[in-house]
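Here the sequence shown stands for residues 16 to 317, numbered as in the working numbering.
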Amino acid sequence: MTAFVMMKYSFIALAIAGFLVVLGSLLIKGRLNTIAKLFVAAIVIFVIFLADIFFLEPNWIEINHVHVSDKKLASVVGDTKIVQISDIHLTKGIGYREKEMIRKVNSVKPDIIVITGDLIDDLSQVEPAKQLIRELHATIAILGVPGNTDHIVMDAPAMQRAFADSGMDLLVNENRKIHLKNGKILWILGADNMAFGDASVDMAMAEASDYMPKILLAHSPQIFNKAVEKRINLALVGHTHGAQVGIPFLVHLSAYANRTPYVKGLFHKDRTYMYVNKGIGMKTLYIRFLCRPEIAVFQIKE
Numbered sequence: 016m017t018a019f020v021m022m023k024y025s026f027i028a029l030a031i032a033g034f035l036v037v038l039g040s041l042l043i044k045g046r047l048n049t050i051a052k053l054f055v056a057a058i059v060i061f062v063i064f065l066a067d068i069f070f071l072e073p074n075w076i077e078i079n080h081v082h083v084s085d086k087k088l089a090s091v092v093g094d095t096k097i098v099q100i101s102d103i104h105l106t107k108g109i110g111y112r113e114k115e116m117i118r119k120v121n122s123v124k125p126d127i128i129v130i131t132g133d134l135i136d137d138l139s140q141v142e143p144a145k146q147l148i149r150e151l152h153a154t155i156a157i158l159g160v161p162g163n164t165d166h167i168v169m170d171a172p173a174m175q176r177a178f179a180d181s182g183m184d185l186l187v188n189e190n191r192k193i194h195l196k197n198g199k200i201l202w203i204l205g206a207d208n209m210a211f212g213d214a215s216v217d218m219a220m221a222e223a224s225d226y227m228p229k230i231l232l233a234h235s236p237q238i239f240n241k242a243v244e245k246r247i248n249l250a251l252v253g254h255t256h257g258a259q260v261g262i263p264f265l266v267h268l269s270a271y272a273n274r275t276p277y278v279k280g281l282f283h284k285d286r287t288y289m290y291v292n293k294g295i296g297m298k299t300l301y302i303r304f305l306c307r308p309e310i311a312v313f314q315i316k317e
């Protein structure tokens with residue numbers, strides 16, 4: 016159990032204990048009627064709820080092991096460990112949440128790390144973001160693509176220049192031939208952002224072998240139909256933040272959920288899989304509820 020998880024449950028336990036002490040004291044003195052009891056209970060529950068959505072869940076990062084069944088891709092990837100993070104949205108440098116993300120990513124011992132957009136929220140975060148990337152350890156490569164928020168801060172060519180010495184290879188409608196430890200070659204494609212950039216899967220596929228399995232990195236799930244058309248084996252995206260609020264009957268109220276029918280998790284159409292990462296950071300409304308920040312670890316099987 017990590018220090019943060021211990022802190023989470025300690026906080027809840029203290030809140031409940033405090034409530035019971037106050038309630039017990041009032042009961043002994045005979046000063047609490049039924050309505051007052053319910054009112055006190057509601058206040059305590061509401062305080063715990065606020066602590067959860069503003070502090071606990073936004074910092075309680077989960078590691079999700081995602082199983083993808085693709086014989087062709089598995090024959091190349093083998094035991095290569097691919098880790099995806101997304102939507103970090105750096106606003107105030109490297110804080111507790113980002114440090115936890117770095118620690119947990121590195122604990123997985125990844126071979127390849129992919130960052131699927133929205134790394135920074137303003138220009139002042141370029142240097143902290145570069146430091147964050149340098150603290151991530153991948154045995155083969157770290158690759159990324161720009162997101163819509165990145166594009167608001169700077170255009171794609173400027174971002175490529177800014178992060179050239181960070182250790183992350185930022186792909187903008189281009190590809191890389193990745194040499195794996197097993198001696199095989201994996202093609203990883205990177206598309207620009209669809210909303211603010213000039214996304215082109217066709218350009219990203221240029222010179223990539225038609226017969227070799229491919230992984231496509233993009234920011235938005237809107238790329239899915241194009242990925243299916245081009246027979247991409249696996250597309251890794253983010254953008255939605257998993258809606259940030261995971262209550263089923265309220266998800267449709269989220270601006271993030273309304274962007275696409277693909278809000279979070281694994282989707283499959285024809286020969287193509289797409290994974291929508293819930294992201295690390297937040298935007299607009301800085302809360303998370305039943306939607307923890309996520310690190311995705313991919314296991315490709317036949």
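The beta carbon of each residue, even a glycine, is placed where N, CA and C say it ideally should be.
Self-check item: Rounded C-alpha distance that separates Ile78 from Ala311
Solution: Along the sequence shown, read from residue 1 onward, the residue named residue 78 stands at position 63. Along the sequence shown, read from residue 1 onward, the residue named residue 311 stands at position 296. Computed Cα separation, rounded: 6 Å.
Exercise. Run through the segment 207–285 for me and flag every whole beta strand (DSSP E) of 3 or more residues, listed as ranges in chain order.
Key: 229–232, 249–252, 280–284
Quiz item: Which partner residues does His194 have in the DSSP bridge list?
Solution: Sequence index remark: in the sequence shown, residue 194 carries index 179 (1-based). For His194, which the question treats as bridged, DSSP gives the partners Ile200.
Quiz prompt | Spatial distance of Leu134 from Phe54 (CA atoms) | solution = On the sequence shown, position 119 is the one that residue 134 refers to. On the sequence shown, position 39 is the one that residue 54 refers to. When rounded, the distance between both Cα atoms is 43 Å.
Quiz prompt | Candidates Ala233, Ser224, Arg303, of which the one nearest Gly257 by Cα | solution = What you label residue 257 is simply residue 242 of the sequence shown in a count that begins at 1. Of the listed residues, the one whose Cα sits closest to Gly257 is Arg303.
Quiz prompt | Ser139, DSSP secondary structure in three states | solution = Mapped onto the sequence shown, residue 139 falls at position 124. Note: Ser139 maps to helix in three-state DSSP.
Practice problem: Indicate the three-state DSSP secondary structure (helix, strand or coil) for Phe54 in the structure shown. | Solution: Counting from 1 along the sequence shown, the entry for residue 54 is found at position 39. In the three-state DSSP reduction, Phe54 falls in the helix class (H, G or I).
Quiz item: Between the segment 284–296 and the segment 53–67, do at least 3 Cβ pairs fall closer than 8 Å?
Solution: The segment 53–67 and the segment 284–296 do not touch, with fewer than three beta-carbon pairs separated by less than 8 Å.
Quiz item: Would you say the segment 105–125 touches the segment 158–170, given that touching needs at least three Cβ pairs under 8 Å?
Solution: The answer is no - the segment 158–170 does not touch the segment 105–125, with fewer than three Cβ pairs under 8 Å.
Quiz item: Pick from Thr164, Pro236, Ile238, Pro172: whose alpha carbon is nearest that of Leu186?
Solution: As a first step, residue 186 is located in the sequence shown; it is residue number 171 there, counting from the start. Ranking Thr164, Pro236, Ile238, Pro172 by Cα distance to Leu186 puts Pro172 first.
Exercise. Would you mind reading off the limits of the alpha helix (DSSP H) that contains Thr164?
Key: The count along the sequence shown starts at 1 and reaches residue 164 at position 149. First-last of the alpha helix (DSSP H) with Thr164: 163–168.
Self-check item: Contacting residues, own chain, Cβ-Cβ under 6 Å from Leu232 (five flanking each side not counted)
Solution: Start at 1 with the first residue of the sequence shown, and residue 232 comes out as number 217. Only Val129, Thr131, Val160, Gly205, Leu251 meet the Cβ criterion.
Quiz item: Among residues of its own chain, excluding the 5 on either side of Ser181, which ones have a beta-carbon nearer than 6 Å to its beta-carbon?
Solution: Walking along the sequence shown from the start, residue 181 turns up at place 166. If we look at Ser181 and ignore the five residues flanking it on each side, its Cβ neighbours are Lys145, Ile148.
Quiz prompt | Same chain, Cβ closer than 7 Å to Met174, five either side skipped, listed in chain order | solution = Position 159 of the sequence shown, counted from the start, is the residue given in the question as residue 174. Pro161, Asp165, Leu185.
Quiz item: From Tyr277 to Val291, what does the alpha carbon distance come to, in whole angstroms?
Solution: The residue given as residue 277 occupies position 262 in the sequence shown. The residue given as residue 291 occupies position 276 in the sequence shown. Cα to Cα, Tyr277 sits roughly 7 Å from Val291.
Quiz item: For Leu158, which of helix, strand or coil comes out of DSSP?
Solution: Within the sequence shown, residue 158 is the residue found at index 143, counting from 1. In this structure, Leu158 counts as strand in the three-state DSSP scheme.
Quiz item: Between Leu281, Ile109, Asn163, which lies nearest to Phe239 when the distance is taken from Cα to Cα?
Solution: Taking the first residue of the sequence shown as 1, we reach residue 239 at position 224. Ranking the options by Cα distance to Phe239, first place goes to Leu281.
Exercise. Return the CA-CA distance between Ala221 and Lys192, expressed in angstroms with no decimal places.
Key: On the sequence shown, position 206 is the one that residue 221 refers to. On the sequence shown, position 177 is the one that residue 192 refers to. Going from the Cα of Ala221 to the Cα of Lys192 covers about 12 Å.
Exercise. Starting from the C-beta of Met16, find all residues in its chain whose C-beta is less than 7 Å away, skip the five residues before and the five after it, and write them out in chain order.
Key: Along the sequence shown, read from residue 1 onward, the residue named residue 16 stands at position 1. For Met16, the predicted structure reports a pLDDT of 43, less than 50, and the residue's modelled location is therefore unreliable. A value from the coordinates is still provided. Nothing listed; no residue qualifies.
Exercise. Would you list the one or two residues that DSSP bridges to Thr49?
Key: Within the sequence shown, the letter at position 34 stands for residue 49. Thr49 pairs with nothing; no bridge assigned.
Self-check item: Close Cβ partners of Pro228 (< 6 Å) along its chain, the five nearest in sequence each way excluded
Solution: Indexing the sequence shown from 1 puts residue 228 at position 213. Excluding positions up to five away in sequence, the list reads Lys87, Leu88, Val91, Asn248.
Quiz item: Hey, how far is the Cα of Leu201 from the Cα of Leu195?
Solution: Position 186 of the sequence shown holds residue 201. Position 180 of the sequence shown holds residue 195. Whole-angstrom Cα-Cα distance: 7 Å.
Exercise. Tell whether a beta-carbon distance below 7 Å holds between Lys331 and Lys298.
Key: An answer regarding residue 331 cannot be provided, because it is not within the stretch 16 to 317 covered by the chain.
Practice problem: Provide the residue span of the alpha helix (DSSP H) that contains Lys119, from first to last. | Solution: Reading the sequence shown from its first residue, position 104 is the one you call residue 119. Segment 111–122, the alpha helix (DSSP H) holding Lys119.
Exercise. Please classify Val187: does DSSP put it in a helix, a strand, or coil?
Key: For the purposes of this step, residue 187 is taken as residue 172 along the sequence shown, with counting starting at 1. In this structure, DSSP gives Val187 a state outside helix and strand, which the three-state scheme calls coil.
Practice problem: Between the Cα of Arg112 and those of Phe69, Leu138, Met183, Val83, spot the shortest distance and give me the residue it belongs to. | Solution: Position 97 of the sequence shown, counted from the first residue, corresponds to residue 112. It is Phe69.
Quiz item: Can you tell me the Cα-Cα spacing of Leu300 and Lys241, whole angstroms?
Solution: Position 285 of the sequence shown holds residue 300. Position 226 of the sequence shown holds residue 241. Cα-Cα distance, rounded: 31 Å.
Quiz prompt | Simplified DSSP assignment, three categories, for Ala311 | solution = Counted from its first residue, the sequence shown places residue 311 at position 296. Strand, per DSSP.
Practice problem: Determine the contact status of Gly253 and Ser139, defining contact as a CB-CB distance below 7 Å. | Solution: By 1-based counting over the sequence shown, the position of residue 253 is 238. By 1-based counting over the sequence shown, the position of residue 139 is 124. With respect to Ser139, Gly253 sits apart: the two C-beta atoms are not nearer than 7 Å.
Quiz item: Nearest CA to the CA of His152: which residue from Met209, Ala66, Thr255, Asp126?
Solution: Here the question's residue 152 lines up with position 137 in the sequence shown. Minimum Cα distance to His152 is reached at Asp126.
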